[in-house]
Amino acid sequence: MDVLKRNNVVIKGKGTSPMLFAHGFGCDQNMWRFITPAFEDSHKIILFDHVGAGKSDLTAYHPEKYKELDGYAQDIMEIINELNLVDIIFVGHSVSAMMGILSAEQAPNLFKTLILVSPSSSYIDDKDYIGGFSRNEIDELLESLDTNHMGWSMTMAPLIMANPDKTELGEELTNSFCRTDPTIAKQFARATFLTDSRSILHSCITPALILQCSNDIIAPVEVGEYIHKQMVDSKLVILDATGHCPHLSAPEETISAMKGYV
Amino acid sequence: MYNMLPDPENINNLNLENDFEDFLEHSVSGYISTKPSGEIIRTNSRLVEWLGYTKEDLIGKRITSLLAMGSRIFYETHLSPLLKLQGFFEEVSAELLLKNGTKLQVLLNGYVRNDENNKPQFIRLNVYRATERKVYEQNLRLAIIDAEKTLIAERELATLREQFIAVLGHDLRNPLGAIKSGASLLTRSALSDRDKSIVGMIKNSSLRMEELITNVMDFARVRLGGGLSLDLKDILIEPIILHVTEELRVIFPERTVTVDFEVKNTITCDAGRISQLLSNLVANALTHGSANEPVNVSAKIELNYFELAVSNGGKPIPEDVLETLFEPFTREGTTPSQQGLGLGLYIAAEIARAHGGNLTATSTADETRFTFRMPLLSIK
Numbered sequence: 089m090d091v092l093k094r095n096n097v098v099i100k101g102k103g104t105s106p107m108l109f110a111h112g113f114g115c116d117q118n119m120w121r122f123i124t125p126a127f128e129d130s131h132k133i134i135l136f137d138h139v140g141a142g143k144s145d146l147t148a149y150h151p152e153k154y155k156e157l158d159g160y161a162q163d164i165m166e167i168i169n170e171l172n173l174v175d176i177i178f179v180g181h182s183v184s185a186m187m188g189i190l191s192a193e194q195a196p197n198l199f200k201t202l203i204l205v206s207p208s209s210s211y212i213d214d215k216d217y218i219g220g221f222s223r224n225e226i227d228e229l230l231e232s233l234d235t236n237h238m239g240w241s242m243t244m245a246p247l248i249m250a251n252p253d254k255t256e257l258g259e260e261l262t263n264s265f266c267r268t269d270p271t272i273a274k275q276f277a278r279a280t281f282l283t284d285s286r287s288i289l290h291s292c293i294t295p296a297l298i299l300q301c302s303n304d305i306i307a308p309v310e311v312g313e314y315i316h317k318q319m320v321d322s323k324l325v326i327l328d329a330t331g332h333c334p335h336l337s338a339p340e341e342t343i344s345a346m347k348g349y350v
Numbered sequence: 298m299y300n301m302l303p304d305p306e307n308i309n310n311l312n313l314e315n316d317f318e319d320f321l322e323h324s325v326s327g328y329i330s331t332k333p334s335g336e337i338i339r340t341n342s343r344l345v346e347w348l349g350y351t352k353e354d355l356i357g358k359r360i361t362s363l364l365a366m367g368s369r370i371f372y373e374t375h376l377s378p379l380l381k382l383q384g385f386f387e388e389v390s391a392e393l394l395l396k397n398g399t400k401l402q403v404l405l406n407g408y409v410r411n412d413e414n415n416k417p418q419f420i421r422l423n424v425y426r427a428t429e430r431k432v433y434e435q436n437l438r439l440a441i442i443d444a445e446k447t448l449i450a451e452r453e454l455a456t457l458r459e460q461f462i463a464v465l466g467h468d469l470r471n472p473l474g475a476i477k478s479g480a481s482l483l484t485r486s487a488l489s490d491r492d493k494s495i496v497g498m499i500k501n502s503s504l505r506m507e508e509l510i511t512n513v514m515d516f517a518r519v520r521l522g523g524g525l526s527l528d529l530k531d532i533l534i535e536p537i538i539l540h541v542t543e544e545l546r547v548i549f550p551e552r553t554v555t556v557d558f559e560v561k562n563t564i565t566c567d568a569g570r571i572s573q574l575l576s577n578l579v580a581n582a583l584t585h586g587s588a589n590e591p592v593n594v595s596a597k598i599e600l601n602y603f604e605l606a607v608s609n610g611g612k613p614i615p616e617d618v619l620e621t622l623f624e625p626f627t628r629e630g631t632t633p634s635q636q637g638l639g640l641g642l643y644i645a646a647e648i649a650r651a652h653g654g655n656l657t658a659t660s661t662a663d664e665t666r667f668t669f670r671m672p673l674l675s676i677k
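Chains as they are written, first to last, in my numbering: chain D, 89 to 350; chain B, 298 to 677.
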C-alpha cells in the first residue's frame with residue numbers, strides 16, 4: 089500500500105520544520121490554501137486528504153477501519169513514518185484535532201506542538217458538559233446525510249479517476265472542492281459526531297494551541313474552554329472569526345494566532 | 298442602502314412588467330442576501346411567506362438559523378467552505394425551519410458576490426421549494442431498498458435451488474450407477490430369453506434415466522445458475538461425430554444413420570458439449586422422423602463457420618410448434634411417454650449459443666432439418 093498515494097499527500101515549502109495539516113469533516117486539504125502560504129518559507133508543509141475525501145484512494149476505504157477515529161489516526165502515523173517526520177507541528181481542524189491528540193499520545197516524542205482549530209472533544213451535551221448539540225440533533229444530522237442526494241458528490245469518483253493531474257485552477261472551475269463520497273461521508277459523520285474524546289485529553293502531554301471561533305455552532309467556546317482545562321500544556325485563543333472554519337473565513341487572524349505560538 | 302424597492306404608490310402598473318425588482322420580489326423562488334459573515338440583509342416576499350416570519354424578524358439573523366439542524370451542520374461543514382473556496386454551490390438539498398416548527402424541503406443555490414477588488418460583498422442564495430421532489434426521491438430510495446432486499450432474497454433462493462439440483466443430480470446418479478453395473482453383470486449370467494429381455498429393458502431405462510438427469514442438470518445450470526460453461530479445446534470433429542452416431546446405431550439397431558462430412562481441420566469447441574448437442578439432435582430425429590427413412594448427419598466448414606446438420610424425413614413439424622421448438626419443456630402433446638422432459642432441443646440450442654453460434658430448424662414435406670452453425674473460434 090502506497091500511503092502517500094492513498095492519502096494524496098502533498099509536500100511543499102522551503103523549510104525543514106514539518107507542519108502536518110489535517111482537514112476536518114466536510115472538506116479536503118484545499119481548505120488550508122489560505123493558511124499554508126504564510127508558512128511555506130519557514131516550514132515543510134505536508135497536506136493530505138483523509139481516505140474518502142478529496143483525491144484520496146477510495147478503494148482504501150474499509151468501513152471497519154474507519155468506524156472510529158483510531159483508523160484515521162493510524163493513517164496519520166503511517167504518513168509520519170513514511171516521511172520520517174520528527175518535531176512535528178500538527179495542525180488539525182475540527183475532528184482532525186482529536187486525531188492529532190490520538191496520534192500524539194501514541195508517539196509523543198515525534199510531536200512538537202498541536203494546533204487545534206475549532207476542535208471539539210464531544211459534540212453532544214452531557215450533564216455539565218456543553219457539546220453544543222443534543223443527541224436528537226446529531227441524529228437529525230446523520231439522517232439528513234442519509235437522505236441528501238447531493239448530486240454533485242455522487243459524481244465524484246469518476247471525476248477524480250479521470251483527472252488525476254488536474255491543476256488547481258481547473259479544480260476551481262469544475263466544482264471539485266471538498267468532494268466526499270456520500271457513503272463514506274455518512275460514516276465519517278458518524279465517527280465525527282458520535283465520538284466522545286473527552287477521556288483522551290488529560291493524558292496528552294504535547295503542547296497545544298486551541299483556536300476557537302467566537303460564534304461557532306459546531307464547536308462552541310465552552311468546548312474550547314473545556315479542552316483547555318483538560319489538556320495540561322495548552323493555550324486557548326478565542327478568535328474574532330465566526331463560523332466553524334476560521335482558516336477560511338479569517339485566515340489572517342488564524343495565521344497570526346498560529347505564528348504567535350509556533 | 299439595500300432596500301432598493303421603489304415605492305409601490307408611485308409605480309405605474311404598466312411598468313411592473315419591466316420591473317426586475319418586482320420579478321425578484323414576487324418570484325416563485327425565495328431569495329436571501331447575507332453579509333459575507335452570513336447575517337441576513339435582505340429576503341424577498343416568497344421566502345418570508347414560506348418561513349412565517351416578517352422581513353424585519355429576519356434581518357440580522359444568521360442564515361444558518363433558518364435551517365433545520367441537519368442542514369445547519371451541513372452548511373457549516375460543507376457549504377460555507379465551498380463558498381470560501383470556490384465562491385458557489387449548487388443544487389444542495391436542505392430543510393428550512395419554519396416559524397411554526399415544521400420543516401420545508403428546499404434546494405439551495407448560493408454564490409458570493411464580490412466587489413471590483415475581488416472582496417466578498419455579500420452571499421446570495423436562491424431557495425427552491427422541493428417538497429414534491431423530496432417525496433419522489435424518498436420513494437426512489439425506498440424502492441432501491443426494497444429492490445435490494447428482493448435481490449438478496451432471490452440470490453439466496455437461487456443458491457439454494459442450485460445446491461438442491463446439484464445434490465439431487467448427484468444423489469440420483471449414484472444409485473443409477475449401481476443399477477447399471479448390476480444390469481451389466483446380469484447380462485452375462487442371464488439364461489432365459491425372458492431374463493435377457495428384462496435386463497435389456499433395465500439397461501435401456503437406466504441410460505434413458507441418465508440422459509434425463511443430465512438434461513435436468515444442464516437446464517438448471519442455464520436457467521438457475523450461471524449458464525453452461527465450456528471447456529474449449531482444439532479438437533478433431535470427425536471422431537466425435539462417428540462416436541455419437543455409432544452409439545445411437547446401437548440403441549436404434551433397426552434404423553439407418555448416414556454420415557457425410559468434409560471436416561479435416563480441428564475446431565475450437567467443447568467436445569463433450571458438441572457430442573451432447575449432436576446426440577440430442579440425432580436422437581430427436583430417430584424418435585420423431587419417419588421410421589422408414591434414414592437420418593442424415595452432415596458437417597462442413599464454410600467460410601468462417603462450422604456447420605453441423607441433422608435431417609430426417611417424415612411428417613413436417615407444424616408451423617406453430619416450430620416457433621417454440623427450442624423452448625424448455627416443449628414436447629409433442631399427444632405422445633408424452635416417448636419424449637422425456639422436452640429439454641433435449643432446448644439444451645442443444647443453449648450449447649450452440651454458448652459456442653457463439655445458433656441452432657435453427659426447417660421443416661417441409663421432404664425433410665426436417667436442424668442446423669447448428671458456429672463461428673470458428675480460437676482459444677484466447
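Even glycine gets a Cβ: it sits at the ideal position worked out from N, Cα and C.
Here the structure is a predicted model, which is why all the values come from computation and not from measurement.
In angstroms with no decimal places, state the Cα-to-Cα distance between residue i and residue j.
{"i": "D:Leu-341", "j": "D:Ala-126", "result": "Per the sequence shown, the amino acid found at residue 341 of chain D is Glu instead of Leu. Roughly 12 Å separates the two Cα atoms."}
{"i": "D:Ser-206", "j": "D:His-131", "result": "22 Å"}
{"i": "B:Glu-559", "j": "B:Met-671", "result": "16 Å"}
{"i": "D:Gly-220", "j": "B:Glu-451", "result": "46 Å"}
{"i": "D:Gly-239", "j": "B:Val-389", "result": "At D:Gly-239 the pLDDT is 39, less than 50, meaning the model places this residue with poor confidence and gives no usable figure here."}
{"i": "B:Gly-349", "j": "B:Lys-396", "result": "5 Å"}
{"i": "D:Ala-277", "j": "B:Glu-434", "result": "22 Å"}
{"i": "D:Glu-231", "j": "B:Phe-371", "result": "12 Å"}
{"i": "B:Lys-358", "j": "B:Arg-369", "result": "13 Å"}
{"i": "D:Ile-123", "j": "D:Leu-324", "result": "19 Å"}
{"i": "D:Asp-145", "j": "D:Val-139", "result": "6 Å"}
{"i": "B:Asn-415", "j": "D:Cys-301", "result": "25 Å"}
{"i": "B:Phe-386", "j": "B:Leu-437", "result": "24 Å"}
{"i": "B:Leu-380", "j": "B:Gly-407", "result": "8 Å"}
{"i": "B:Ser-595", "j": "B:Asn-601", "result": "17 Å"}
{"i": "D:Leu-157", "j": "D:Ile-218", "result": "21 Å"}
{"i": "B:Leu-575", "j": "B:Leu-656", "result": "11 Å"}
Using CA atoms only, rank isn't needed, just tell me which of the options is closest to residue i.
{"i": "D:Ala-345", "options": "D:Asp-234, D:Gly-114, D:Leu-327, D:Thr-268", "result": "D:Leu-327"}
{"i": "D:Thr-201", "options": "D:Val-174, D:Ser-208, D:His-150", "result": "D:Val-174"}
{"i": "D:Lys-93", "options": "D:Gln-275, D:Lys-153, D:Glu-170", "result": "D:Glu-170"}
{"i": "D:Met-119", "options": "D:Ser-184, D:Val-91, D:Ser-222, D:Thr-104", "result": "D:Ser-184"}
{"i": "D:Tyr-211", "options": "D:Asp-269, D:Asp-145, D:Leu-282, D:Gln-162", "result": "D:Leu-282"}
{"i": "D:Gln-318", "options": "D:Phe-178, D:Ile-272, D:Ser-209", "result": "D:Ser-209"}
{"i": "B:Thr-267", "options": "B:Thr-563, B:Asn-589, B:Asp-531", "result": "The displayed coordinates of chain B run from 298 to 677. Any statement about residue 267 of chain B would go beyond what the structure contains."}
For residue i, name the three-state secondary structure that DSSP assigns.
{"i": "B:Ser-595", "result": "strand"}
{"i": "D:Asn-95", "result": "coil"}
{"i": "B:Asp-515", "result": "helix"}
{"i": "D:Ala-329", "result": "strand"}
{"i": "B:Asn-397", "result": "coil"}
{"i": "B:Ile-337", "result": "strand"}
{"i": "B:Arg-359", "result": "strand"}
{"i": "B:Met-671", "result": "strand"}
{"i": "B:His-652", "result": "coil"}
{"i": "B:Thr-697", "result": "The displayed coordinates of chain B run from 298 to 677. Any statement about residue 697 of chain B would go beyond what the structure contains."}
{"i": "B:Arg-438", "result": "helix"}
{"i": "B:Asp-531", "result": "strand"}
{"i": "B:Phe-317", "result": "helix"}
{"i": "D:Lys-102", "result": "coil"}
{"i": "D:Phe-199", "result": "strand"}
{"i": "B:Leu-619", "result": "helix"}
{"i": "D:Leu-299", "result": "strand"}
Name, in chain order, the residues that DSSP records as bridge partners for residue i.
{"i": "B:Gly-327", "result": "B:Val-424"}
{"i": "B:Phe-269", "result": "Nothing in the structure corresponds to residue 269 of chain B, since chain B is present only between 298 and 677."}
{"i": "D:Ile-212", "result": "D:Phe-221"}
{"i": "B:Asn-562", "result": "Bridge partners of B:Asn-562: none, in fact."}
Whose Cβ in chain C lies nearer than 9 Å to the Cβ of residue i?
{"i": "D:Ser-232", "result": "The chain labelled as chain C is not found among the protein chains of the depicted structure, namely D and B."}
Review point. When you check each C-beta in the region 329 to 343 of chain D against every C-beta of chain B, which residues fall closer than 7 Å?
Key: Within the region 329 to 343 of chain D, the qualifying residues are Thr-330, Gly-331, His-332, Cys-333, Leu-336, Ser-337.
Review point. What residues in the region 334 to 356 of chain B have a beta carbon less than 8 Å from any beta carbon of chain D?
Key: Result list: Ser-334, Gly-335.
Point to revise | Residues from the region 300 to 317 of chain D in contact with chain B, defined by Cβ distance under 9 Å | key: So the list reads Asn-303, Asp-304, Ile-305, Ile-306, given in the order they occur along the chain.
**Study point:** Within 7 Å of chain B by C-beta, residues of the region 114 to 147 of chain D in sequence order
**Key:** Those residues of the region 114 to 147 of chain D that come within reach of chain B (Cβ to Cβ, closer than 7 Å) are Gly-114, Cys-115, Asn-118, Met-119.
Exercise for review: Quick one: which residues of the region 278 to 290 of chain D get their C-beta closer than 7 Å to a C-beta of chain B? List them in chain order.
Suggested key: Against chain B - using a Cβ distance shorter than 7 Å - the region 278 to 290 of chain D contributes no residues.
Exercise for review: Below 8 Å between beta carbons is the criterion; list the residues of the region 150 to 183 of chain D that meet it against any residue of chain B, in chain order.
Suggested key: Those residues of the region 150 to 183 of chain D that come within reach of chain B (Cβ to Cβ, closer than 8 Å) are Ser-182.
Point to revise | Proximal residues, the region 573 to 587 of chain B versus chain D, C-beta separation under 8 Å | key: Here the close residues number zero.
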